[in-house]
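J.: Dropping a structure here in C-alpha cells format, bear with me for questions.
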Amino acid sequence: MKSSELRTKYLNFFEKRGHKIIPSASLVPENDSSTLFISSGMQPLVPYLLGEKHSQGNRLANSQKSLRTEDIDEVGDNLHTTFFEMLGNWSLGDYFKEEQLNWVYEFLIEELKLDAKKLYCTVFRGDEEIGVPKDEESVNILKKIFQKYKIEAKDVDFSEKNGMQNGEIFYYPANKCWWSRSGAPEKMPLGEIGGSDSEIFYDLGAKLKRHENSEFRNLPCHVNCDCGRFVEIGNSVFIEYKKTEKGFEKLKQCNVDFGGGLERMVMVSEGKNNVYETDLFLPIIQKIEELSGKKYQGYKKEFRIIADHIKASTFLLASGIEPSNLGRGYILRRLIRRAIRYGKQLGVEENFIVKIYPSVLEVYDGFYSEIESSRDFIVRQFEIEEEKFEKTLQTGLSELQKMFDGIRALDLITKDVITGKEFFDLFQTYGFPVEMSFEEIESMATKVNYNLEIDKEKIEIEFEEEFKKHQELSRTASAGMFKGGLADNSEQTTKLHTAAHLMLTGLRKVLGDNVAQKGSNITSERLRFDFSHKEKMTSGQIGDVENFVNGIIKKDLQVWFKEMSLNEAKKINAMGVFESKYGEKVKVYFVGKGDENVSREICGGPHVERTGILGHFKITKEESSSSGVRRIKAILE
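In the working numbering, the protein residues as written are 7 to 643.
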C-alpha cells in the first residue's frame, strides 16, 4: 500500500470514529527549551494530556512530522531514519483500553490487511514496589481480539530469558512498557503522570535469519529483541496514574496516546523488510542512482544515508532553520555534510543535493506544502552549504590523514593520543562535525586493517570544553554532540513572539498589504522574521517600523485571544500563515481592544498580557532571504 493511501486510510478511519484531524505541528517545538525537535506525535499535545482543554475536543488524530537526532548514526540499516511521520490518535479523558486496542488492531488487520498471525504485542508486567499491578485488563481485551481472528492467544512472561514460548502477548518491565515524561517510575517526580503501554510488533519472519546473524544470536529471541526480526509498528500508551507521596494513584481523567511510524507501516503492508524500498524513499534512491551511475543494491548504506539526510534537511530548512555551528543549525549542517561526504564516496563530484531535492517533493506530492513553497530558500541554502564544504573538504581530509598516519607510524596507544582539541580544530577550520571526524579516521584504519582505539567519550568532553571557550552561547540537546538542554529564557522568547506580531502589522502599514509572513524563528536572544517583499527596505522604512512598534509598546495595550473557527478568523481578516494546515478551530491573538486594536493573528501563543512590558524594539538587520522574500532580525532592549 502506498504511503499516501495508508496515511489517508488512517486519518479517515479515526475521523469516522469521532476524531478531529489536527494539523502536524512544526518540527521546531513551540515554547519547549528541553529539546531541539518534535520527535513524536504526542510531544505537541502534552499540555492537553496534562489536563488543558483542546479546542478540537477530546478525540484527536493526525500525522506528525518528527525528527530524532539520536538515530543519525544508526541510519544505513533497514529501519532507522532521522525524519519520519508518526500516525497518532488520542483520547483526552474519553475512551480507554477497550476501544483503543480494538480499533488499532481493526485498522492493522482489516484496513491494512496485515496477517494477524504475524502480530505480537506487549503489556506491563506490573511492579509491586510502586503498587501498579500487572496489566491483565489489556491482556483480556487482547485475547478477545485475537479470538476474533481465530487465534487462541497465549500470554507469557520473562520472554527475554526464556524466548517466545509460543506466545502472542508478552509481559515486560517498566523499561519497556511504561511511559512518563521523566522515564521509569522511580525517576518520576511527585505530581507527574504516566502509565503502562502496549506495543505492537510485526514478525518479518525466520527466513531472514536476522537473529542468527546478529550479535544476540546466543540469547533467546523475543519480540523486544534487538536483532531486528520483530519490528515495532505501533504503541498505545495508557496514561492512568499520578505519582503522589502515597504512591501511584489512579487519575480521574485517563488518557490514550497512540503512535505508529508511517514508514514501518508502509513497509510491512507492502511485504517489504526495508523502509528504504518503499515509495517514501524509492524516487530519491532512483535519482541517486542516476546521478552516481551506481546501483543501490551494491551501495545500500551510502544510498540510505544520502536519501534520509537530504529528506530530513529539506524539512528542517522548510521549518526556517539555517545551517550553522549551533543547536538546530548544527544538526542541519551535520546532515547536509554527511550526505555530501557519502555522495563523494559514490563518486559524485558535482554539487548534487539540489538535484535530489525535487525527488523529495515527488515523495510527498503536496501533502506538506511548506517544502514546495520554500523552494527558493531551500535550494539556495543547499547550494551555499555544498559550496562551503566543497572548498574545505579535501584539505580537512588531508589533515585528518596526517593525524592518522602519525599515530600509525609511531604505533601510539591511540586511546589517549587523539584529543578533542584536534577534532575541534578540524571543526573550526574545515567545518568537520566531530561525528564525521570519528567516521573518517575509523574508515582510514579499517582500510589498512589497523586496530584503532578511540575514547569517544573523552574526546567529546574535550571537544565540548573547546567549543564553550569559543562559543559561549552554544547549546544543543543532540545525543551526538553535547550533553544537556538549550539555555532558553521562555519569558524573553514570549516577549519577542509578541513583538513579532506588532512588527508584522508595522511592516504592512509601512510597505503595504502585500506583506505576508513567510517564516520565523524566535530564540531568547532575537527574533528572525521572513516576509514577502521584493525590494530592500530603506533606512527610513526600517525606522518607521521601529517607531510603530515602540509606539504600541508605550500604549501598554492588552494582548488577548479568542478561539473561533478558521472561517470566522478569515472573516475578521486575521493574519496567518495560510500555507500551514490549520485545524477547524484556531486561536486568534488580538493586541488592543475596540478602536485600539492594531493586530489580530492566528497563533498558538504564548504572548505577554500587555505590550508595556516588552521594552525597546530594535531591528538589527534587514536582508534578502530568497527571491521575493526579505528577512529581518530584531531584538528587545
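Glycine is no exception: its CB is placed at the ideal position from the N, C-alpha and C atoms.
Can you look up Ser-526 in the DSSP assignment and give me helix, strand or coil?
T.: It is a strand residue.
J.: CA-CA distance, Gly-132 and Gln-171?
T.: Approximately 20 Å, taken between the alpha carbons.
J.: Quick test of your reading: Asp-562 and Arg-616, contact by CB under 8 Å. State the CB separation rounded to the nearest angstrom.
T.: Their Cβ separation, rounded to whole angstroms, is 5 Å, which keeps Asp-562 and Arg-616 in contact under 8 Å.
J.: Of the residues Val-604, Lys-576, Glu-602 and Asn-603, which one's Cα is nearest the Cα of Lys-593?
T.: Closest by alpha carbon: Lys-576.
J.: Measuring only the C-alpha atoms, how far is Ser-72 from Ile-44?
T.: In a straight line, the C-alpha of Ser-72 is about 5 Å away from that of Ile-44.
J.: What separation, rounded to the nearest whole angstrom, lies between the Cα atoms of Ser-632 and Ser-526?
T.: The straight-line gap from Cα to Cα measures roughly 14 Å.
J.: Identify the continuous alpha helix (DSSP H) that holds Phe-19 and give its terminal residues.
T.: Start and end: 9 to 21.
J.: Going by alpha carbons, who is nearest to Thr-75 out of His-315, Leu-403, Met-450 and Glu-628?
T.: Nearest C-alpha to Thr-75: His-315.
J.: Mark Val-369 as exposed unless 16 or more other C-beta atoms lie within 10 angstroms of its C-beta, in which case mark it buried.
T.: So Val-369 ends up on the buried side.
J.: Quick check: the Cα distance between Ile-467 and Ile-337, rounded to an integer number of angstroms?
T.: When rounded, the distance between both Cα atoms is 18 Å.
J.: Contact defined as beta carbons within less than 8 Å: I believe Lys-648 pairs with Ser-380. What is the distance between those atoms, to the nearest angstrom?
T.: This structure leaves residue 648 out entirely; the chain is present only between 7 and 643.
J.: Where DSSP assigns a beta bridge to Cys-127, which residues make up the other side?
T.: The partner list for Cys-127 (beta bridge, DSSP) reads Ile-175 and Ile-206.
J.: Using CA coordinates, which residue listed in Leu-12, His-503, Tyr-155 and Leu-399 is at the minimum distance from Val-647?
T.: Residue 647 is absent from the model: the chain starts at 7 and stops at 643.
J.: Where Asn-219 and Asn-84 are concerned, what is the direct C-alpha to C-alpha distance, given to the nearest angstrom?
T.: Cα to Cα, Asn-219 sits roughly 14 Å from Asn-84.
J.: Is DSSP giving Ile-548 helix, strand or coil here?
T.: Helix at Ile-548.
J.: If you follow the alpha helix (DSSP H) that Asn-146 is in, where does it begin and where does it stop?
T.: From DSSP, the alpha helix (DSSP H) with Asn-146 extends over 142 to 154.
J.: Between Lys-301 and the rest of its own chain, which residues show a CB-CB distance below 8 Å, the 5 nearest in sequence each way excluded?
T.: So the qualifying residues of the chain are Glu-295.
J.: Check Tyr-363 in the structure and name its three-state DSSP category.
T.: Helix, per DSSP.
J.: Can you name, in chain order, every residue of its own chain whose Cβ lies under 8 Å from the Cβ of Asp-448, other than the five neighbours on each side?
T.: Correcting the residue type first, residue 448 is Glu in the shown sequence and not Asp. Only Leu-458 and Ile-460 meet the Cβ criterion.
J.: Does the separation of the CB atoms of Asn-520 and His-539 fall below 8 Å?
T.: Yes, the pair counts as a contact, with Cβ atoms nearer than the cut-off.
J.: Between Lys-542, Asn-357 and Phe-321, which has its C-alpha nearest Ser-375's C-alpha?
T.: The residue with the shortest Cα to Cα distance from Ser-375 is Phe-321.
J.: Buried or exposed: which applies to Ile-558, given that a residue is buried once 16 or more other Cβ atoms fall within 10 Å of its Cβ?
T.: Answer is buried; the Cβ neighbour count reaches 16.
J.: Express the C-alpha separation of Ile-311 and Leu-352 in angstroms, rounding to a whole number.
T.: Cα to Cα, the separation comes out at about 12 Å.
J.: Reducing DSSP to helix, strand and coil, say where Glu-478 ends up.
T.: Its pLDDT being 40, under 50, Glu-478 is placed unreliably by the model, and nothing is read from it.
J.: Quick one, are the C-beta atoms of Ile-465 and Leu-502 less than 8 Å apart?
T.: Cβ atoms of Ile-465 and Leu-502: not closer than 8 Å.
J.: Find out if the Cβ-Cβ distance for the pair Glu-205, Glu-246 is shorter than 8 Å.
T.: Not in contact: Glu-205 and Glu-246 (Cβ atoms no closer than 8 Å).
J.: Taking the C-alpha atoms as reference points, what is the distance between Lys-408 and Phe-433?
T.: For Lys-408 and Phe-433, the distance between alpha carbons rounds to 16 Å.
J.: For the beta strand (DSSP E) containing Gly-253, name the first residue and the last one.
T.: First-last of the beta strand (DSSP E) with Gly-253: 253 to 267.
J.: Buried or exposed: Lys-317, going by 16 or more other Cβ atoms within 10 Å of its Cβ?
T.: Counting Cβ neighbours within 10 Å, Lys-317 comes out buried, since at least 16 surround it.
J.: Quick one, are the C-beta atoms of Leu-297 and Glu-91 less than 8 Å apart?
T.: For Leu-297 and Glu-91, no; Cβs fall outside 8 Å.
J.: Considering only the alpha carbon of each residue, which of Leu-403, Ile-342, Arg-386 and Tyr-456 lies closest to Ala-415?
T.: Selected option, being the one with the closest Cα: Tyr-456.
J.: Whole angstroms is fine: what's the gap from Gln-62's alpha carbon to Ala-31's?
T.: The alpha-carbon atoms of Gln-62 and Ala-31 are separated by roughly 15 Å.
J.: At what residue ranges does the region 552 to 592 contain a whole run of the beta strand (DSSP E), taking only runs of 3 or more?
T.: DSSP runs (the beta strand (DSSP E)) wholly in the region 552 to 592: 565 to 571.
J.: DSSP beta-bridge partners for Val-521?
T.: Beta-bridge pairing links Val-521 to no other residue.
J.: Take Lys-26 and list the residues in its own chain whose beta-carbon comes closer than 8 Å to its own, dropping the five residues that flank it on each side.
T.: Counting only Cβ-Cβ distances below 8 Å, and skipping sequence neighbours, we find Gln-62, Gly-63, Arg-65, Leu-66, Ala-67, Gly-589 and Glu-590.
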